[in-house]
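FYI, numbering that gives the first Met the number 0 numbers position 65 of the sequence shown as 64, with every residue one higher than the one before it. Since the structure comes first, as structure tokens, the remarks are kept for the end.
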Amino acid sequence: MKMSHAPILSLPDFEKVFEVDCDASHVGIGAVLSQEGKPVAYFSEKLNDVRSRYSTYDLEFYAIVQALKFWRCYLIQREFVLNTDHEALRFLGSQKNLNKRHAKWVSFLQEYSFHIKHKTGVLNKVADALSRRSHLLITVYPTITSFEFLKDTYASDSDFKDIWEACLNLGTDPSGQFVIHQGFLFKGSRLCISNNSLREQLVQELHGGGLSGHFGQGKTIAMVEEKYFWPHMRKQIAKFVKQCKICQAFKGTSQNSGLYTPLPIPNKPWEDISMDFILGLPVTVRKHDSVFVVVDRFSKMAHFIPCKKTSDASHVADLFFKEIVRLHGIPRTFTSDRDTRFLSHFWRTLWAKLGTSLQFSSAYHPQTDGQTEVVNRSLGNLLRCLAGEKPFQWDLILPQAEFAYNNSVNRTTGKTPFEILYGQSIPHILDRNGLSLPSKISAEALETFDHIKSVQQQVLEKLRISNDKYKAAADKHRREVVFKEGDMVMAYFRRQRFPVGTFGKLSRKKFGPFRILRKLGTNAYLLDLPNTVGTSPIFNVSDLSLYEGNTGDSVDLETLPLSTPSLNQDDLIEEIVDIKTTKTRHGEHQKFLVKWSNRPLIDCTWIDAAELQKRNLELYKRVAKVFSSGDENSPPGGN
Numbered sequence: 000m001k002m003s004h005a006p007i008l009s010l011p012d013f014e015k016v017f018e019v020d021c022d023a024s025h026v027g028i029g030a031v032l033s034q035e036g037k038p039v040a041y042f043s044e045k046l047n048d049v050r051s052r053y054s055t056y057d058l059e060f061y062a063i064v065q066a067l068k069f070w071r072c073y074l075i076q077r078e079f080v081l082n083t084d085h086e087a088l089r090f091l092g093s094q095k096n097l098n099k100r101h102a103k104w105v106s107f108l109q110e111y112s113f114h115i116k117h118k119t120g121v122l123n124k125v126a127d128a129l130s131r132r133s134h135l136l137i138t139v140y141p142t143i144t145s146f147e148f149l150k151d152t153y154a155s156d157s158d159f160k161d162i163w164e165a166c167l168n169l170g171t172d173p174s175g176q177f178v179i180h181q182g183f184l185f186k187g188s189r190l191c192i193s194n195n196s197l198r199e200q201l202v203q204e205l206h207g208g209g210l211s212g213h214f215g216q217g218k219t220i221a222m223v224e225e226k227y228f229w230p231h232m233r234k235q236i237a238k239f240v241k242q243c244k245i246c247q248a249f250k251g252t253s254q255n256s257g258l259y260t261p262l263p264i265p266n267k268p269w270e271d272i273s274m275d276f277i278l279g280l281p282v283t284v285r286k287h288d289s290v291f292v293v294v295d296r297f298s299k300m301a302h303f304i305p306c307k308k309t310s311d312a313s314h315v316a317d318l319f320f321k322e323i324v325r326l327h328g329i330p331r332t333f334t335s336d337r338d339t340r341f342l343s344h345f346w347r348t349l350w351a352k353l354g355t356s357l358q359f360s361s362a363y364h365p366q367t368d369g370q371t372e373v374v375n376r377s378l379g380n381l382l383r384c385l386a387g388e389k390p391f392q393w394d395l396i397l398p399q400a401e402f403a404y405n406n407s408v409n410r411t412t413g414k415t416p417f418e419i420l421y422g423q424s425i426p427h428i429l430d431r432n433g434l435s436l437p438s439k440i441s442a443e444a445l446e447t448f449d450h451i452k453s454v455q456q457q458v459l460e461k462l463r464i465s466n467d468k469y470k471a472a473a474d475k476h477r478r479e480v481v482f483k484e485g486d487m488v489m490a491y492f493r494r495q496r497f498p499v500g501t502f503g504k505l506s507r508k509k510f511g512p513f514r515i516l517r518k519l520g521t522n523a524y525l526l527d528l529p530n531t532v533g534t535s536p537i538f539n540v541s542d543l544s545l546y547e548g549n550t551g552d553s554v555d556l557e558t559l560p561l562s563t564p565s566l567n568q569d570d571l572i573e574e575i576v577d578i579k580t581t582k583t584r585h586g587e588h589q590k591f592l593v594k595w596s597n598r599p600l601i602d603c604t605w606i607d608a609a610e611l612q613k614r615n616l617e618l619y620k621r622v623a624k625v626f627s628s629g630d631e632n633s634p635p636g637g638n
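If you want it as structure tokens, here you go:
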């Protein structure tokens, strides 16, 4: 990516006098080197915490010192003019009592020959701007230049060389779907990507990039297919998403359960909305521990607003006006659960004055407002994938999660919420590629009112079809999953497997890959966990999923939970589930995986021979007899 901006700098002329304009704020310092009013160079520096607490005098003084250091090669051998908007700096040379910092700076300035002039802030605009926040400095135009090499690849590419040749000779291919424009090959409005590493880079960007949210196969395929084309792309994208390590580690399993009871279908965007709260999130530095979720029932657009669990109805109303009403106006109806925030006298009185009615979900029937339940699950997956190992900063990435959600294709409507609301797709960073599509393709990107109404009419029809389908659908039951010995799986670690106080709602959900050693009973498996993991290696089948990827991938040991089930002295051993032998420089030692009486399988624990002898001498003797006979592969069982 390259950056370009408009201002043109003058070349320095060493026959003319240089002028240095300096300014400072508690955010940063800035300076301009100029000649005859034309800029030659710019300088700015962001201040650290210590310097940001300097006095105004020290800040302005520091700006001068840093600017002269930066342009030493221009200024050291000639006299120049130093402009500052701080009047006191005119008397630098006449100060009597100097502290250590000022003495050091004055000593440095004595190397230069200059004349100080006072320049008011009104006239010192450029340096003043450079010392302010960086996003006000320049206009930046990002352009992605990595697509240029594609022009030279089509002629020899195994997927496109025949089509390329036909387009060169005939203007298009026999099917009439492909066209060459500005040296690039397009299929309709989609750019053709030759067989190279760019394909995987594009999928990675649209699946897990900064403006994406690690969505599933369907949404990722839709996002890639909207702008790009290559043969068999759906299969390749599905495989990529299936093998995404972040998705496998941080996403939970989903199951459709319960009948869907639809609410009346709205007629236009932001006429009917649903609201909910996600509670119990890690407390951030900004003291947020909840998310206020507002979803438009027509376009499926969502807004994610950080808040606190203790927020009362008045504060929630303020958030709603600030984040929703200012963008979309007052909705006609609300759908929410029976939360005290919405039942408070203030809340009901406020909306009654506006002529708005509250519409509540049926008690104990979350499917009535299933829309927010689905959005909440999606947001949970988004935050886990985007926050990664920094779950206490989730509120900082909420805007990123909101953009990713609203820019993804909704399964019900078949379009993104942005497209439904605005009639067109929102620009992505990959759209800044410098390409302009052929005119006949660009004409498809209609921005007229008629086009928006057409899109919304299609959505309305799809909502009706979807509602009819869900209303007629029955419960979907789980299918039986059977793993084989040697399969590599991801294991879901439940709360009780974590040390007390370390499990959070945004904690990593799955760990692995681990190898299955064998099946235990009808629905449990013994996994080959590292010795450092202080939890039972036995997992229920519902907590396991087949690992997609290289079977040689290693486990991130640092992130694994280390809690061990607490045992009592009177806990009885029910049976020995497994035995393993470890070798050290002192010889071989056996460890025993034991099932404790009145405890579930997940509390199975590895103990050594001494602990086994202490707790159950009779069982220890039987074990010793097995090892002395050489048949150590079959556990001796329980009491």
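Ideal placement from N, C-alpha and C gives every residue a C-beta, glycine not left out.
Hey, could you find the ends of the alpha helix (DSSP H) residue i is sitting in?
i    : result
Q34  : That residue, Q34, is in no alpha helix (DSSP H); its beta strand (DSSP E) goes G27 to Q34.
Y73  : R71 to L74
F402 : L397 to N405
Y421 : P416 to Y421
F319 : A312 to F319
F106 : Per the sequence shown, residue 106 should be read as Ser rather than Phe. Run containing S106: K99 to L108, per the alpha helix (DSSP H) assignment.
H206 : L197 to G207
D161 : K160 to L169
From the DSSP secondary-structure annotation, give me the bridge partner or partners of residue i.
i    : result
Q586 : Reading off the sequence, residue 586 comes out as Gly, not Gln. According to DSSP, G586 bridges with T583.
D295 : I272
V19  : L32 and L81
Y524 : K518 and F538
L543 : A490
K37  : Q34
D577 : L592
Starting from residue i, follow the beta strand (DSSP E) in both directions and report where the run begins and ends.
i    : result
G511 : K509 to L519
R233 : Careful: R233 lies outside any beta strand (DSSP E), inside the alpha helix (DSSP H) at M232 to K241.
I220 : I220 -> not in any beta strand (DSSP E); alpha helix (DSSP H) instead, spanning Q216 to K226.
K116 : F113 to H117
Could you check the C-alpha separation between residue i and residue j for me, to the nearest Å?
i    : j    : result
F214 : A400 : 11 Å
K45  : Q109 : 26 Å
G191 : A221 : Gly is not the amino acid found at residue 191; the sequence shown has Cys there. Whole-angstrom Cα-Cα distance: 16 Å.
G520 : Y619 : 24 Å
L571 : V284 : 46 Å
M274 : N549 : 42 Å
Q247 : F228 : 27 Å
Y73  : F148 : 41 Å
S9   : A40  : 8 Å
P512 : E547 : 9 Å
L397 : I304 : 8 Å
I162 : T171 : 8 Å
Y140 : F146 : In this prediction, Y140 scores a pLDDT of 49, lower than 50, which makes its location untrustworthy; the coordinate-derived value is nonetheless stated afterwards. So the alpha carbons of these two residues sit roughly 17 Å apart.
V26  : L58  : 10 Å
S33  : W70  : 11 Å
L528 : W605 : 11 Å
L169 : S193 : 21 Å
S188 : A301 : 28 Å
D156 : T219 : 25 Å
P330 : I419 : 17 Å
V16  : S43  : 22 Å
K226 : Q457 : 21 Å
C306 : V374 : 17 Å
Closest to residue i by CA distance: which of the options is it?
i    : options                   : result
I245 : Q203, V282, K286 and P265 : Q203
H287 : D394, Q612 and P38        : D394
V408 : S377, A386, K389 and L382 : S377
M487 : L526, I304 and N522       : L526
S541 : E35, N522, W595 and V532  : N522
R517 : M232, V576 and I264       : V576
S196 : C166, F183 and Q235       : Q235
H117 : K509, V19, F276 and N47   : V19
Q65  : F291, V31 and P38         : V31
D295 : P265, A608, G279 and A316 : P265
K594 : H180, L611, T583 and E587 : L611
Just to confirm my understanding: we take residue i, look at its own chain, exclude 5 residues before and 5 after, and list those with CB closer than 8 Å. What are they?
i    : result
K160 : Y153 and A154
Here's a check: name, in chain order, each residue in its chain whose Cβ is nearer than 6 Å to the Cβ of residue i, leaving out the five neighbours to either side.
i    : result
A62  : C21, A23 and I28
H327 : W269
K241 : E547
A237 : Q216
Please list, in chain order, all residues of the same chain as residue i whose beta carbon is under 7 Å from its beta carbon, the five residues on each side excluded.
i    : result
K308 : L278, D288 and S289
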